Structure formats: C-alpha cells, structure tokens
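Engineer: Residue numbers (our numbering): 493 to 794.
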C-alpha cells in the first residue's frame, strides 16, 4: 500500500470553551464577571497533535467521530484552515465538548462532557486498516472509541504512540493504550513515582520509549531502559496558558522520531514546542513551525 501520510491521528476531535478565572481552585460565589470573555474554539487533544504535526511539515490525517452540529462545524473549519486531512464520521451524540477553566498562572482545569459518546461507537475496521496502512505512524488518543481500535492497529504493524495524559498509573482504562504503543507519553502530575510507572509501561508493553512530562520541571525520558531528565525549555514569551502543551510536546517528539533523531533530541524538540504552546492563549489554535523549532532547539538550555 502506498504511504500517503506521515501520521494518522485517531480520536480527540472536539471543541473547548475557555474561561479565564481569577483563581484555581475557584472559590464558591454566586457569580463571577469574566472580563476577558468566554470563548469557544475547536481544538482538543487529537486536533492539537494534528495541528502541531502539520505545522512541522508532516503529512497528517485525522480520523474521529464528529457531530453534525455547530461544534462539528468548528472542528471541520479548523482542519480546512490548516490543511489537515480529516475523515469525520457521523456521531449522532454530537461533537466532543469541554470547558477549560484557566487560572492566572496558566494552569488549567478541564470539565469534559461525557455524553458525546455511545457505548456501541466504533471505527469501521476496513477504513481504519486502510488509513493506518497508508501512514508511517499512528498516534492514538485515549478518547472513545479508540480503545476498541487498538488490537486492529497493533495487527497492522504500523508504529503506534499514545498520550495517557494525567494517568495515575492505576486506572485500568488506560492500560490497553499504555501497553500497545511503541511510544508512550504521559504527565507526571498524578504520579508519586514517575520512574516506577514508566518502567512498568515498558516492561509490560511494547514501548521502547516512555516520556513523562513535568511542566516547568522538564520531563523524564525512558529510552532503551535508561532514564534521563530533560530540562524544560525557556518559553519565548510570558506563559499564559498550559492548554495544549502536552500535545505540542508529543507532536514535536514524533517529528524528531520520524526524522530519525535520537530520543534525547526528540525530547528536546518536545520541550521547546511545549514551552512555545504555553505562550499561546487558549482562545487560539497555533503551533510552532519547523524553522523556529529547530532554531530554538539549538539554543543554550536554561
């Protein structure tokens, strides 16, 4: 089969409503005045990974269930505007939605609408097999119904990656993703011992590379059994929002991997892209380009 795409992104298409709040946690009050406005824009985890990959020059295709609703129109428009291929299968339950509360320091609290999925949702096997077979790599988000697609994707032999986000190392829902992927990303936020969780992923699954991001503290990189620390990159502007930083990290890491770079260089790319994402307001969908990524990756580390 002819390879048409560098990366197929599976799942994670949706819309976020962004609300900047005076503090997190938000103290109870009858009402708050939001002077910065309340904005709704397309862009959840799969959208942002696809956006980051495309901005770095990779041929990217995105597959997910999307509703025929105003939120779905925003998702389709985002992909058209950025030249990202999208196969949007009909989702009668509607397009995935979330509300993001963003604090003054850029931290985020997300409220996900879980009603936008049905127990019987599935990706058509032949379509999934065809799109995966035409790609060099598949990035699988942990949104429904991606878990049911993992066995088929594994059988294709195409390399897989996934992002477990704030997995606590115990929730069983994440395990099929963690143990099937060749590259696993996750946040260290909910982990008391990141190294132990990372090594368990590598020992029980297929991953030769596991990355745990730790915000301003950088990241942990487990590659070929060796654990190293990846310093955080210096943001090019004031930090305003951490939304999408992990997705940007994953996209830039995969860019390096597909370019044949060693894991340490890939992680450096990820750190630079993640830092850049923290300077972009949540109301915008914007990713670092290839030229700026490569330039910043060679700058002295803080």
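For glycine and all other residues, C-beta sits at the position ideal for the given N, C-alpha and C.
Just so it is clear, the structure is predicted and the values come from calculations on it, not from any experiment.
Could you pull the start and end residues of the beta strand (DSSP E) that residue 571 belongs to?
Structural biologist: Residue 571 -> not in any beta strand (DSSP E); alpha helix (DSSP H) instead, spanning 562 to 573.
Engineer: Measuring alpha carbon to alpha carbon, tell me which residue in 533, 720, 509, 698 is nearest residue 652.
Structural biologist: Of 533, 720, 509, 698, the residue nearest in Cα terms is 698.
Engineer: What are the boundary residues of the beta strand (DSSP E) that includes residue 649?
Structural biologist: Element bounds for residue 649: n/a, residue is neither H nor E.
Engineer: So is residue 684 buried or exposed if we call it buried at 16+ other beta carbons inside 10 Å?
Structural biologist: Residue 684 is exposed by the Cβ-count criterion.
Engineer: Apart from the five residues just before and just after residue 710, which ones in its own chain have a Cβ nearer than 7 Å to its Cβ?
Structural biologist: Answer for residue 710: 721, 722, 723, 724, 763, listed in chain order.
Engineer: Considering only C-alpha positions, which residue in the set 551, 501, 557, 771 is nearest to residue 596?
Structural biologist: With distances taken between Cα atoms, residue 596 lies closest to 771.
Engineer: Give the straight-line distance between the Cα atoms of residue 498 and residue 574, rounded to the nearest whole angstrom.
Structural biologist: About 16 Å.
Engineer: Please name the residue in 550, 789, 509 whose C-alpha comes closest to that of residue 765.
Structural biologist: Ranking 550, 789, 509 by Cα distance to residue 765 puts 789 first.
Engineer: In this structure, does DSSP put residue 520 in helix, strand or coil?
Structural biologist: Residue 520: coil per DSSP, three-state reduction.
Engineer: Can you name, in chain order, every residue of its own chain whose Cβ lies under 8 Å from the Cβ of residue 569, other than the five neighbours on each side?
Structural biologist: Same-chain partners within the cutoff: 534.
Engineer: For the alpha helix (DSSP H) that residue 662 lies in, which residues bound it at each end?
Structural biologist: No alpha helix (DSSP H) contains residue 662, which DSSP labels as neither H nor E.
Engineer: Quick check on the DSSP output: the beta strand (DSSP E) that includes residue 577 runs from which residue to which?
Structural biologist: Note, residue 577: beta strand (DSSP E), 577 to 582.
Engineer: Taking the C-alpha atoms as reference points, what is the distance between residue 705 and residue 521?
Structural biologist: Using only the alpha carbons, I get a separation of about 34 Å.
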